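These protein sequence lines are chains A, B, C, D, E and F, in that order.
For our numbering, add 33 to where a residue sits in the first sequence, where the first one is 1.
For our numbering, add 33 to where a residue sits in the second sequence, where the first one is 1.
For our numbering, add 33 to where a residue sits in the third sequence, where the first one is 1.
For our numbering, add 33 to where a residue sits in the fourth sequence, where the first one is 1.
For our numbering, add 33 to where a residue sits in the fifth sequence, where the first one is 1.
For our numbering, add 33 to where a residue sits in the sixth sequence, where the first one is 1.
Every residue gets a Cβ at the ideal spot worked out from N, C-alpha and C, and that includes glycine.
A quick note: this is a predicted structure, and the numbers were derived from the prediction, not measured.
There are 6 protein chains.
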Amino acid sequence: MSLREVAHSIRTMEIRGAGEIARAGANALKDFAQGYKGKDIDRFKNQLEGGKKLLLSTRPTAISLWNALQTVTKGAKDSKDIEELRDLIVANADGFVSRSKDAVKMIGKVGSQRIKGGDRILTHCNSKAALSVIGHAFRDGKKIEVTVTESRPWRQGLQTAKELARDGIPTTLIIDSAVRWVMKDIDLVYVGADTVASNGAVINKIGTSQIALIAHEARVPFIVCAETFKFSPKTVHGELVQIEERDPSEIVKEGEIPKSVRIRNPVFDATPADYIDSIVTEVGVISPYAAYDIIVKELGQEMDLEI
Amino acid sequence: MSLREVAHSIRTMEIRGAGEIARAGANALKDFAQGYKGKDIDRFKNQLEGGKKLLLSTRPTAISLWNALQTVTKGAKDSKDIEELRDLIVANADGFVSRSKDAVKMIGKVGSQRIKGGDRILTHCNSKAALSVIGHAFRDGKKIEVTVTESRPWRQGLQTAKELARDGIPTTLIIDSAVRWVMKDIDLVYVGADTVASNGAVINKIGTSQIALIAHEARVPFIVCAETFKFSPKTVHGELVQIEERDPSEIVKEGEIPKSVRIRNPVFDATPADYIDSIVTEVGVISPYAAYDIIVKELGQEMDLEI
Amino acid sequence: MSLREVAHSIRTMEIRGAGEIARAGANALKDFAQGYKGKDIDRFKNQLEGGKKLLLSTRPTAISLWNALQTVTKGAKDSKDIEELRDLIVANADGFVSRSKDAVKMIGKVGSQRIKGGDRILTHCNSKAALSVIGHAFRDGKKIEVTVTESRPWRQGLQTAKELARDGIPTTLIIDSAVRWVMKDIDLVYVGADTVASNGAVINKIGTSQIALIAHEARVPFIVCAETFKFSPKTVHGELVQIEERDPSEIVKEGEIPKSVRIRNPVFDATPADYIDSIVTEVGVISPYAAYDIIVKELGQEMDLEI
Amino acid sequence: MSLREVAHSIRTMEIRGAGEIARAGANALKDFAQGYKGKDIDRFKNQLEGGKKLLLSTRPTAISLWNALQTVTKGAKDSKDIEELRDLIVANADGFVSRSKDAVKMIGKVGSQRIKGGDRILTHCNSKAALSVIGHAFRDGKKIEVTVTESRPWRQGLQTAKELARDGIPTTLIIDSAVRWVMKDIDLVYVGADTVASNGAVINKIGTSQIALIAHEARVPFIVCAETFKFSPKTVHGELVQIEERDPSEIVKEGEIPKSVRIRNPVFDATPADYIDSIVTEVGVISPYAAYDIIVKELGQEMDLEI
Amino acid sequence: MSLREVAHSIRTMEIRGAGEIARAGANALKDFAQGYKGKDIDRFKNQLEGGKKLLLSTRPTAISLWNALQTVTKGAKDSKDIEELRDLIVANADGFVSRSKDAVKMIGKVGSQRIKGGDRILTHCNSKAALSVIGHAFRDGKKIEVTVTESRPWRQGLQTAKELARDGIPTTLIIDSAVRWVMKDIDLVYVGADTVASNGAVINKIGTSQIALIAHEARVPFIVCAETFKFSPKTVHGELVQIEERDPSEIVKEGEIPKSVRIRNPVFDATPADYIDSIVTEVGVISPYAAYDIIVKELGQEMDLEI
Amino acid sequence: MSLREVAHSIRTMEIRGAGEIARAGANALKDFAQGYKGKDIDRFKNQLEGGKKLLLSTRPTAISLWNALQTVTKGAKDSKDIEELRDLIVANADGFVSRSKDAVKMIGKVGSQRIKGGDRILTHCNSKAALSVIGHAFRDGKKIEVTVTESRPWRQGLQTAKELARDGIPTTLIIDSAVRWVMKDIDLVYVGADTVASNGAVINKIGTSQIALIAHEARVPFIVCAETFKFSPKTVHGELVQIEERDPSEIVKEGEIPKSVRIRNPVFDATPADYIDSIVTEVGVISPYAAYDIIVKELGQEMDLEI
């Protein structure tokens, strides 16, 4: 697939999921670099920059894609040779893809140690990282039970329930309104993340923040599983994470309610760090308040804002 | 309809809704009393008692029905004359039905005074009493906006949205997971009640308690609208309000998820009094902690338990 | 003074303070009744009703005045004889005035028992009832210290400081912003009340609710001193206590800030019952949540609203 | 035993426990009345009054004894005939003793309904009323487990553990410091009460209030079991419940620590109503905030304070 | 102005405000260095050290001044040449002054991104950094409204209101006691800082901490704007930030209250990190809990304490 | 003592206390290295590794020992020369021992600055670091009072009381259940730590977490004193700190309770970072949320986990 085709596929949701998007973007830049035939280093740089902008425009709020493309182009500016630049891009891209694949496994290994036999776990939506933790614990022989929320409007909870059931993990499904009712019988909550902000707030699937509040009320640890490329250097720069609102048709069908009724369909919400026990990353378990630390150490934050 | 037919209709959900059930039960006993032809006062009492038991068995956890039948048969024991007893039952039944109809209107009038022009109100499910309050405020010319939760699994929020839209009230629909996201722009929450317990806890549609928690977190007043016949004398006697769990088919269709996945489908949950600003009843606005007071004054509690 | 003159004096603030207004209103009706020379019982009743309305119009939100006039005219409707009605009004008025004078003393006696030697007390504004408690404790020989807030904009805290200093009580004055700073060294907070609502909320001098919050944060008991005629039967009927906003000139002088700056000058705020340890009344110490109880028992609430 | 002997036995702790003391006091007055041989009604009254004072002096802070003696002498003032007065005292005393014995059983019946099969219960110290609830639930066939705190310094938890083990109830013992550690695996807390104050605070064995706080933090219902004669009319009158401090020798033995170390040994502490889900009494389950209601209805509060 | 004159001007408050003081101090050392005519490197160092001590003595608790002078003299010890040392001092001073001027602008740019059109903002006292944020948002075309507290005793809120009104920003003024009353209609709080401690606590104008508490109660983000030179390396070393208490005459005029009344006039209070959503600095948005991180990275903390 | 003997002494508790164990382990490796006579670098390394494993096996959950041995063997892998390796081990061990001895003194100096004259301090168990702080403040002439908990089951509070009394510090002893009762008269809490986790949670003597909760409820700063070698790099890797449960005989003697009663005797509990004001370390005062920072900077965390 050409870079243009990859951009199209991301835009139309053929490629989706924070990790998939990030890796597809990294590979698209790599392929472009490998295929570049020109001789002019400046043109090469310009075209790389153009490709990066095109890819970013497909999902302007996805920090995983932004981090991926920043990583792939790291050092490109200073390059003075086409060969060297091509090698740099390829190495950066391969490194990113490889690390991002390993990250989910590592999170599973690291995060599962908190789980004890007999634990009853609640999860929301369909997070690869959270499921990696749960699966790791189960494969280690811990007798666990998992409760999954339906996760309206897309009902990804059904997908999660299928995956857990396929692996033989005892699974219960509830509607999103039943979280507080069930919380008295839950020992741990594991969820994923779309974005981690520099003040430790976690942006994730709509409903996450109220689950966190409900867990906090009942002294149940609420644990976020997030690869470091979900941490947002842009929030260090003050950028407020935009909460995308999607089409009403995801919630009601044509004619179900009068047209005068407005429908709001936010995709994400923001969970304050106060309600988060810890974040499991591929570089270890941290407090959400260490987010700034991670951003600086793992991602760099380049405060080159002009005043 | 004979008493037996009424019992059947309640059992099969043809007659439903706390108020409807209560009034149907009251009228069934009245009709039975009016139609009674016998001459033996003791047989009359026995048959009344039997009719009451039959009706109660159709919905053993519905406190509104229990309160209605207690009211209708109040004083029956001491009656020594068939005529007198018949008149008593008829008068009691008519009184209950009339008061229960007025109660919703009175709650609308009393409860709407808390609402100011410009207020943004959130409601859950489809509560006649809560909608009476909202409608009253709107008809008084207050410019209000209402946000309604979808209220899975039955999605009664759609019905609520229709009713509000029909009356011209600006209405927004959200999914149940979006309550915390929207709460920052809400001024007041109004919900109904299925049962009010003697310690002030309110049992209502699943999801109510987490909305209350979310409102409490944001210092948004959470107000319950409940006729006094929703208050439960049985909870004074220690009875724990049973939370009915209904059929999984209300949540997922055949084949949507593997059979090994368990589904829990609770109808109600319990909101602790701590999160409730006040309860609007037809006898006035009270703190939830005055529930015992109301039960004693309005319903009697007859602590004739044998040890 | 004629009833008309009393009304004028209340309106122009010559007579002020919840207790003074209430007693003046009661005496005005009494004087009118004693001076009535007519022979027609219905005219007498009409004129009494008119006088009551006139007095109420002077301060439509003052519940103490409303309660006083309700008490004075209690039973008037059923009276069938001019003499009898006159005696009733006089007896009711004398009873109210006498009880309201005793109430402050009784509150002092009852409320002071909570204070121990060495206690450091904070008070806000200038409440007769709260000062009665503090004075009682001091005269009982308890070594106490009192911290007083300035209570902008009228700075009644200076008046309170004067009264305490005059009695020889060690007194400290702070600005309103320093409450949280000083709270770590406070053992008890005593304040007065303008109105107690049926859900237990207390309406009192602006700033009271944030002092209550700050006391709650530090586990310092926050105690309200309120005669029963401060409890509002109208809040049972749903009436929201209106927070009066007064003239900007009380806050800034002409020319101190540009005219485009809006000034808001609320007189009262509402303290939620959650932050109130107890209310000291002349009939004893209660939880704020017993407000409905007190209203029903001490004041009657006459739910004769038409639907 | 003569009244004087009973007084001695209470003072020396031969008779102890709130219920035992109350019943012994009631019977002592009854025996005295039955044995009275004089003919002078005024002397009889004086001697009764003297006997009451003597009994009260043995445990001046025990509200159960005060309530018992108030009940026994209720109506005595108005009596004009020796026979009549004797009968009154006997009837009052018998009534009190009988009701107080039934109360523990009734509390067991009423309170146990909140317990479900599988529930893990925590209790503190050695409360007859709380154990009545637990025993009732167990005899009803509910599979429960009970965790008991050691309850230093007297270690009554060992006595409680023995009683539970004797009945075959699965029991675990922990030290008082381990309450928060174990709370994550507790479903309900049941404790007794020494005194219930008019604002809903509960005075009970030292440590109770921190267990309540820990339960509240984890959303675990904290339920108090208290006969109505534990409710204190004196707190309505403002009296602060005195927390008795007992001898250091209960905590350390001679020579264990230097004499310069001060030891504080409070017997009770006060649990704020905020942390109490409900109080189970023999007249039903109430919110702690209904304490004033119970005091007025069940005990009378006779506000005859002189100003 | 000579260094001695600058010191005098700081002491007498002619030069005031954390930033002004810091820059004046830096420039004073620079001017001294530039004017130094001697030949002896050791004397030069001694005199620089003496000048630094003199300047620090003018405001011993002002961390901004301390940080400025530490920055200016950084590396001075190791210098072996007069020219080199003079250049170092000049470069350090110019760098500090330039960065501190840019910092307020950068904070405005970074911090304003959190503000959305329609937001209602509350601010306290008169913070350059907070006003930079508000002004930036307004100039970006966001329709905002600002509420300002009076900020007794100096009433800097009037100054703030003037500046906002001058820029055309819709502004409301309230007294300090009205913060909780107005908070229900506030979306964001922005304040400045005097000192940021290593555990994340923020020392700022008296009243700040209670505004933070009130915002927290209502789920309103409370954001601190602070240049990095407000962060205190001394708090890493355990130093408790001293809260200066100023003259009573700032609160009451001669004769307004009896002399026996003590007046406490603290200038600052400490806001715990729990109530702070984030801190906006010129190096980005951080959690208050990252304060230690900032101190180490931006300021160094030189733990050369002798034991 | 040979390494084997040291291992034995640790295992049998002859050597105990986090610091003592750590230093004994470090010295054992040093002695072994100094005594090593072989010529083969690889064998030397193997034997060192074996010794380390043996020592670690004596107390597998003691992070202080683990950190000590990691420090002592740091860089050993890369060593290519026996002399060099021996010198490295010796230098590392000496450095660790020296720093760990200084750390307690430094913590005393740093932590005592928070204490003011008149402060009433509470401490739990017997922490060298906490007592270093208290002693430092007292020797600085601050008039303080200390309350000590008994700390069942071992009652180390008695030991603490003895040490404080010996130094002339006014000391009070209470049972563990009396913490909430006494907290209203406490200004600061200082405790030690066994382990600090990467999310800021502190593992310490059983009872610590409930004291922290009680302090938090009353706005009393809760401060932990911990040398950096108490911070656990293993928690970064996800390891859950195991809470050791010890023998029942520490709580009850043979025959005191029936054998069917289970006894749980946890040694430690986990205090969430939310309840901790700050941690005093030998490198300064930090927020608990900076734990990850400290682990990375002071200890390294070497995330070389295999997936």
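(Q) Can you tell me whether aspartate 337 of chain E is helix, strand or coil according to DSSP? (A) Because aspartate 337 of chain E carries a pLDDT of 49, less than 50, the predicted location of this residue cannot be relied on, and no value is offered for it.
Q | Euclidean distance between Cα positions of valine 39 of chain C and glycine 58 of chain C | A | Each residue's alpha carbon lies about 7 Å from the other.
Q. From which residue to which residue does the alpha helix (DSSP H) around valine 137 of chain C run?
A. Residues 115 to 144.
Q. Is the Cβ-Cβ distance between tryptophan 214 of chain E and proline 299 of chain C less than 8 Å?
A. A contact, by the Cβ cut-off of 8 Å.
(Q) Below 8 Å on the Cβ atoms is my contact criterion, and I expect threonine 106 of chain E with phenylalanine 129 of chain E to pass it. Report the Cβ-Cβ distance as a whole number of Å. (A) With 8 Å as the limit, threonine 106 of chain E and phenylalanine 129 of chain E do not qualify as a contact, their Cβ atoms being about 11 Å apart.
Q.
Please report the distance separating the alpha-carbon of glycine 144 of chain C from that of cysteine 258 of chain C.
A. In this structure, the alpha-carbon of glycine 144 of chain C lies about 8 Å from that of cysteine 258 of chain C.
Q. Would you call the CB atoms of leucine 89 of chain A and alanine 61 of chain A closer than 8 Å?
A. No. Outside cutoff.
**Q.** C-beta neighbour in chain F for alanine 306 of chain E, strict 8 Å
**A.** Using a Cβ-Cβ cut-off of 8 Å, alanine 306 of chain E counts as an interface residue toward chain F, since at least one Cβ of chain F sits closer than that to its own.
Q.
Let's see if you can read the secondary structure: which residues bound the beta strand (DSSP E) around aspartate 326 of chain C?
A. Aspartate 326 of chain C: not part of any beta strand (DSSP E); member of the alpha helix (DSSP H) spanning 324 to 327, first to last residue.
Q: Compute the distance between the beta-carbons of aspartate 43 of chain F and serine 265 of chain F, then report whether it is under 8 Å.
A: Here residue 43 of chain F is isoleucine; the residue named in the question, aspartate, does not match the sequence. Cβ distance not < 8 Å, so isoleucine 43 of chain F and serine 265 of chain F don't count as in contact.
(Q) Would leucine 206 of chain F and isoleucine 290 of chain D qualify as a contact pair, given that the criterion is a beta-carbon distance under 8 Å? (A) Isoleucine 290 of chain D sits close to leucine 206 of chain F, with the two beta carbons spaced by under 8 Å.
Q. Which ranges would you report for the alpha helix (DSSP H) in the region 260 to 333 of chain F if only whole runs of at least 4 residues count?
A. Here the runs fully enclosed are 266 to 269 and 324 to 327.
**Q.** Contacts that glycine 144 of chain A makes with chain F (C-beta to C-beta distance below 8 Å)
**A.** Result: Gly271.
**Q.** Contact between the region 317 to 337 of chain A and the region 319 to 330 of chain F (3+ Cβ pairs under 8 Å)
**A.** Contact holds: three or more Cβ-Cβ distances are below 8 Å.
Q: Output, in chain order, the set of chain F residues within a Cβ distance shorter than 8 Å of alanine 251 of chain C.
A: Near alanine 251 of chain C (Cβ distances below 8 Å), the residues of chain F are Ala251 and Arg252.
Q: Over the uninterrupted alpha helix (DSSP H) stretch that includes lysine 238 of chain C, give me the two end residues.
A: Counting along the chain, lysine 238 of chain C falls outside any alpha helix (DSSP H), though it belongs to the beta strand (DSSP E) covering 235 to 238.
Q) Secondary structure at serine 42 of chain B, three-state DSSP: helix, strand or coil? A) In this structure, serine 42 of chain B counts as helix in the three-state DSSP scheme.
Q: Answer with buried or exposed for glycine 71 of chain C, where buried requires no fewer than 16 other C-beta atoms within 10 angstroms of its C-beta.
A: By the neighbour-count rule (16 or more Cβ atoms within 10 Å), glycine 71 of chain C is not buried but exposed.
(Q) My assumption, with CB atoms under 8 Å, is that isoleucine 154 of chain D sits in contact with leucine 221 of chain D. Please give the rounded CB distance. (A) Between leucine 221 of chain D and isoleucine 154 of chain D the Cβ distance is about 5 Å, and since that is below 8 Å, they are a contact.
Q | Supposed contact pair valine 166 of chain F and tyrosine 223 of chain F - C-beta distance, whole angstroms, cut 8 Å | A | That pair is a contact at about 5 Å.
Q. If you draw a straight line from the C-alpha of glutamate 283 of chain B to the C-alpha of glycine 141 of chain B, how long is it?
A. Between glutamate 283 of chain B and glycine 141 of chain B, the C-alpha separation is close to 32 Å.
Q. Mapping DSSP to helix, strand and coil, what is isoleucine 48 of chain B?
A. In this structure, isoleucine 48 of chain B counts as coil in the three-state DSSP scheme.
Q. Between which two residues does the beta strand (DSSP E) containing glutamate 178 of chain F stretch?
A. 178 to 182 is the span of the beta strand (DSSP E), which, as asked, contains glutamate 178 of chain F.
Q) Name the chain B residues whose beta carbon is nearer than 9 Å to that of lysine 175 of chain E? A) By Cβ distance, chain B contributes nothing, its closest Cβ being about 17 Å from lysine 175 of chain E, past 9 Å.
Q: Could you tell me whether any Cβ in chain F is nearer than 8 Å to the Cβ of valine 318 of chain A?
A: Closer than 8 Å to some Cβ of chain F, the Cβ of valine 318 of chain A qualifies, so yes.
Q: Report the three-state DSSP secondary structure of threonine 241 of chain D (helix, strand or coil).
A: Collapsing the DSSP output to three states places threonine 241 of chain D in a helix.
(Q) Between F:Lys161, F:Gly174, F:His157 and F:Met46, which has its C-alpha nearest lysine 149 of chain F's C-alpha? (A) Nearest C-alpha to lysine 149 of chain F: F:Gly174.
Q.
For histidine 169 of chain D, tell me which candidate among D:Arg252, D:Gly201 and D:Thr241 has the shortest Cα-Cα distance.
A. Selection D:Arg252, D:Gly201 and D:Thr241 evaluated against histidine 169 of chain D yields D:Gly201 as nearest (Cα-Cα).
Q.
Excluding the 5 residues flanking proline 203 of chain D on each side, which residues of the same chain have their C-beta closer than 6 Å to its C-beta?
A. Non-local C-beta neighbours of proline 203 of chain D in its own chain, meaning closer than 6 Å and more than five positions away in sequence, comprise Glu178, ordered along the chain.
Q: Using only alpha-carbon positions, find the residue among F:Lys263, F:Thr304, F:Glu331 and F:Ala230 that is nearest to aspartate 52 of chain F.
A: The displayed chain sequence assigns glycine, not aspartate, to residue 52 of chain F. Measuring from the Cα of glycine 52 of chain F, the nearest candidate turns out to be F:Lys263.
Q) Between the Cα of lysine 195 of chain F and the Cα atoms of D:Arg92, D:Lys292, D:Pro321 and D:Glu47, which residue gives the shortest distance? A) From the listed residues D:Arg92, D:Lys292, D:Pro321 and D:Glu47, the smallest Cα separation to lysine 195 of chain F is found for D:Lys292.
Q: Measure the C-alpha to C-alpha separation of alanine 198 of chain C and valine 294 of chain E and round it to an integer number of angstroms.
A: It is roughly 7 Å from the alpha-carbon of alanine 198 of chain C to the alpha-carbon of valine 294 of chain E.
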